[in-house]
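Contents: one structure, followed by commentary.
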Amino acid sequence: MGELRLMKGNEAVAEAAIRAGCDGYFGYPITPQSEVMEYLMAEKPHERTGMVVLQAESETASINMLYGAAGTGKMVLTSSSSPGISLMQEGLSYMAGAELPAVIVNVVRGGPGLGTIQPSQADYFQAVKGGGHGDYKMIVLAPASVQEMCDHVKTGFDLAFKYRTPVMILSDGAIGQMMEKVVLFDPIPRRTDEELIKQNPWAATGKPKDREHIIITSLDLDPAGQERVNLKLQAKYRTMEENEVLYETLNCEDAEYAFVAFGLSARICQKSMDLARARGIKVGLFRPITLFPFPVKQLNDLGKKVKGMLVVEMNAGQMIEDVKLSVGCSIKIEHFGRFGGIIPTPDEVVKALETQIIGG
Amino acid sequence: MTEEIIIAGFGGQGVLSMGKILAYSGVMQNKEVSWMPSYGPEMRGGTANVTVIISDERISSPILNSFDTAIILNQQSLDKFEKAVKPGGLLIYDPNGITRLPVRKDINIYSIAAADEAARQGLSKIFNMVVLGGFLKLKPLVQPEYIHKGLEKSLPARHHKMIPDNEKAIDIGKELIQAVQVL
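Residue numbers (our numbering), protein chains in the order written: chain R, 16 to 375; chain F, 574 to 756.
Pasting the structure below:
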C-alpha cells in the first residue's frame with residue numbers, strides 16, 4: 016500500500032502531479048484552489064524530481080505556457096477556479112485543435128462573473144460542452160473525494176497522452192478545501208528526453224537531419240484540410256465514448272428511484288440515500304465519474320428499472336440535459352439544485368425526492 | 574460507528590487545528606475521516622467552524638445539517654449550532670464569554686472551563702486541546718497512543734517539543750469537563 020496521509024484535495028492534486036512524473040506546472044493564484052501552487056512552491060519539486068513550478072502573470076499566460084510545453088511532449092498541469100478557467104478557454108480550444116496532452120484542474124466556485132469563493136458545479140456546461148470555440152471535447156473527470164483528486168491526476172495524464180487531448184478535472188471548492196485520508200501512489204520517475212521522444216514522435220523536440228519539421232498548430236486555412244482535422248477529432252471522441260466511460264452505482268439493484276449526481280453532490284446524495292432508505296424509500300445513487308464521455312448506456316439501462324430520477328447539482332440544471340438525452344422521456348426526471356456557492360443539505364435533497372419525484 | 578462532529582468558535586481559537594488533530598488521530602487508528610472547514614471571508618476574524626466525521630465505514634456527505642456532537646467555543650456558535658445537535662446527542666461548551674446558556678432538554682450538555690484553566694496553567698495557546706480532552710473523556714473515539722501519532726503528524730516538526738504539553742492539556746480536559754443540568 017502507498018503512503019497514507021490526511022490532505023486537502025488541492026494538496027492531493029499537487030502531490031499527485033509530482034508523483035505522476037509531471038514535468039511542469041504553470042498557474043496563477045485564485046481561491047479556492049491556491050493550495051495547489053502553495054503546496055508545490057513549499058515542496059520544491061525541482062529539487063525532488065526536476066519538475067518546474069512557475070507562477071505566471073495571468074491565467075492567459077498559464078494556459079499558453081501549457082500549450083507551448085505540451086507541444087514539446089512534456090507532461091504539464093495547470094489549475095485554476097472558474098473565472099480563471101474562463102480566461103483559459105481560447106488556449107484550451109487551440110490545444111484540442113492541435114491535439115496536445117495536458118491536465119487542467121478547475122476547482123469550481125460560484126458564478127457568474129467573479130461570483131463567490133464557495134463551492135459550485137455551475138461550470139459543467141463549460142467543461143463538457145466546449146467553453147472554447149469549435150467542435151472539440153475534453154475528457155472531463157469529476158472527483159468526489161480527496162482520494163480521487165489524487166488518482167484523477169494520474170488517470171488524467173494517462174488519458175491525455177493516450178488520446179493526445181486536454182483532460183479537465185472538474186472539482187469544486189469543497190472537494191478542494193476539505194481534508195480526507197488519501198493513499199498516495201508510489202512516485203513514477205519523470206521521463207527522460209530519450210523516452211519522451213520515443214513515446215511521442217509527434218512532439219516538437221528538435222529537428223534531426225533525417226526527418227521533416229514537426230509543426231504543432233491548430234490552423235489549417237484549407238477547409239478540406241480543416242474538415243479532415245475535425246473528422247479525426249470526432250473519430251477520437253467516438254473511441255473515448257466507446258472505451259473510457261467511468262461511473263459508480265450504489266444501491267441501484269433494488270432501487271425504485273435514483274439520485275444522479277457527480278462530485279460533491281454525489282457525496283451529499285449518498286447521505287440522502289441513507290436517510291431515505293431508513294424511511295423505507297428504495298433509492299439508489301448513480302454517479303458519473305467521466306462527464307465526457309458520459310455514461311449514456313448505463314443511465315439508459317437504469318432508466319428501464321426505476322420509476323424516476325432526481326438529478327442533484329450545485330447549479331440551475333446542467334447535467335440533467337445529458338441525463339434526459341441518455342434516458343429519454345419514459346420516466347420522470349427532475350432537477351434539484353442550489354446556486355452561487357450554497358451547498359444542498361442531505362435533508363433538503365430527501366425532501367426534493369419526496370415532493371418532486373415520488374409525490375409529484 | 575460513525576461520529577459526526579461540529580467544532581465552532583472564533584477564528585484563532587484553534588477550532589480548525591483541534592479538528593485536524595482529531596481527524597489525523599482517527600487516520601492513525603485506521604478510521605475513515607473527513608475534515609470540512611468553513612472558509613472564506615468569515616474565517617478572517619469572524620466565526621470559524623469545521624465538520625469532522627470519524628467512521629468505520631466510507632463517509633458519505635462531508636457537509637451535514639445535524640450532528641452527534643457540537644463543540645462550542647463562543648456565543649454565536651452556540652446560538653447557531655445548539656439546534657443542530659441530534660436528539661440524544663452531545664453539546665460541549667466553554668462558558669467563557671457565554672451569556673445565553675443552552676436550553677435543550679433532549680440532548681446531553683457538558684461545560685468545560687478550558688480557557689480559564691489553560692490560562693491558569695500557562696497553556697493558553699493550546700486551550701483547544703483541553704477542550705478536545707473533555708470530548709475524548711465522554712467519547713473515547715481514538716486511543717491516546719493514536720492521539721500522540723496524530724499530534725506528530727499534524728504539527729510541524731519544529732513544534733514537536735510541544736507534544737507533551739498538548740497531551741497534558743488533553744489530560745486536564747478529561748478532569749475538567751462537567752455535566753450541566755438544564756432546569
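All residues carry an ideal CB built from backbone N, CA and C; glycine is no exception.
- The Cβ atoms of Val588 (chain F) and Trp608 (chain F) do not sit closer than 7 angstroms to each other.
- The three-state reading of DSSP puts Asp138 (chain R) in coil, since its state is none of H, G, I, E or B.
- A distance of 7 angstroms or more separates the beta carbons of Pro134 (chain R) and Asp173 (chain R).
- Under a criterion of Cβ atoms nearer than 9 angstroms, no residue of chain F is adjacent to Ala29 (chain R); the nearest Cβ is some 18 angstroms distant.
- Under a criterion of Cβ atoms nearer than 7 angstroms, the residues of chain F adjacent to Arg282 (chain R) are, in order, Ser633, Ser634, Pro635.
- In this model, Phe176 (chain R) and Ile154 (chain R) are separated by some 12 angstroms (Cα to Cα).
- Within the segment 575-601 of chain F, contact with chain R at the beta-carbon level (separation under 8 angstroms) is assigned to Lys593, Ala596, Tyr597, Val600.
- Contact annotation for Ile119 (chain R) against chain F: no contact, minimum CB-CB distance about 23 angstroms [criterion: below 7 angstroms].
- Its chain contains Ala113 as the residues whose beta carbon lies nearer than 7 angstroms to that of Thr232 (chain R), once the 5 sequence neighbours on both sides are disregarded; these appear in chain order.
- Of all residues in the segment 260-289 of chain R, those with a C-beta nearer than 7 angstroms to a C-beta of chain F are Arg282, Ile283, Gln285, Lys286, Asp289, reading in chain order.
- Interface annotation, Leu156 (chain R): not in contact with chain F, CB-CB separation never under 7 angstroms.
- For the set R:Thr254, R:Glu30, R:Pro47, the Cα lying nearest the Cα of Gly39 (chain R) is the one of R:Glu30.
- Residue contact with chain R for Ser611 (chain F): absent (no Cβ-Cβ distance below 7 angstroms to any residue of chain R).
- Remark: fewer than three beta-carbon pairs, one from each stretch, lie closer than 8 angstroms, so the segment 235-250 of chain R and the segment 117-132 of chain R are not flagged as touching.
- The C-beta distance from Leu651 (chain F) to Pro675 (chain F) rounds to 6 angstroms, short enough to fall under 8 angstroms.
- Sequence-distant Cβ neighbours of Pro204 (chain R) in its own chain, meaning closer than 7 angstroms and more than five residues away, are Gly36.
- Secondary structure note for Asp689 (chain F): its alpha helix (DSSP H) is the uninterrupted segment 687-693.
- The beta carbon of Val658 (chain F) does not come within 7 angstroms of any beta carbon belonging to chain R, so the residue lies off that interface.
- Counting the other CB atoms within 10 Å of its CB gives Val198 (chain R) a total below 16, which places it among the exposed residues.
- Inside the segment 606-650 of chain F, DSSP marks whole beta strand (DSSP E) runs of 3 or more residues at positions 620-628, 640-645, from first to last along the chain.
- In this chain, Leu663 (chain F) is not harboured by any alpha helix (DSSP H); it is covered by the beta strand (DSSP E) spanning 658-666.
- Exclusion of the five residues before and after Gly746 (chain F) leaves Ile685, Ala687, Met702, Val703, Val704, Leu705, Gly706, Gly707, Phe708, Leu709, Lys710 as the residues of its chain whose Cβ lies within less than 8 angstroms of its Cβ.
- Only exposed fits Arg673 (chain F), as fewer than 16 other CB atoms lie within 10 angstroms of its CB.
- Ile119 (chain R) carries a strand assignment under DSSP once its states are collapsed to helix, strand and coil.
- The beta-carbon distance between Phe274 (chain R) and Pro303 (chain R), rounded to whole angstroms, is 12 angstroms. This is too long to meet the 8 angstroms contact definition.
- The DSSP-derived three-state label of Ala581 (chain F) is strand.
- DSSP places Val161 (chain R) outside any beta strand (DSSP E); the residue lies instead in the alpha helix (DSSP H), whose first and last residues are 161-178.
- For the pair Ile736 (chain F) and Leu724 (chain F), the Cα-to-Cα distance works out to about 7 angstroms.
- Taking all protein chains in view, the Cβ of Asp679 (chain F) is surrounded by fewer than 16 other Cβ atoms within 10 Å, so the residue is classified as exposed.
- Using beta-carbon distances, Thr220 (chain R) does not count as an interface residue toward chain F, since no partner is under 7 angstroms.
- Interface criterion met: the Cβ of Asn638 (chain F) is under 7 angstroms from a Cβ in chain R.
- Sequence-ordered contacts of the segment 350-367 of chain R with chain F read Ile358, Thr360, Pro361, Asp362 [C-beta pairs closer than 7 angstroms].
- At a beta-carbon threshold of 9 angstroms, the residues of chain R lying near Val606 (chain F) are Leu21, Met194, Glu195, Lys196, ordered along the chain.
- For the pair Gly106 (chain R) and Ile119 (chain R), the Cα-to-Cα distance works out to about 11 angstroms.
- Residues of chain F whose Cβ lies closer than 8 angstroms to the Cβ of Ala189 (chain R) are, in chain order, Met609, Pro635, Ile636.
- DSSP, reduced to helix, strand and coil, places Pro181 (chain R) within a strand of the structure shown.
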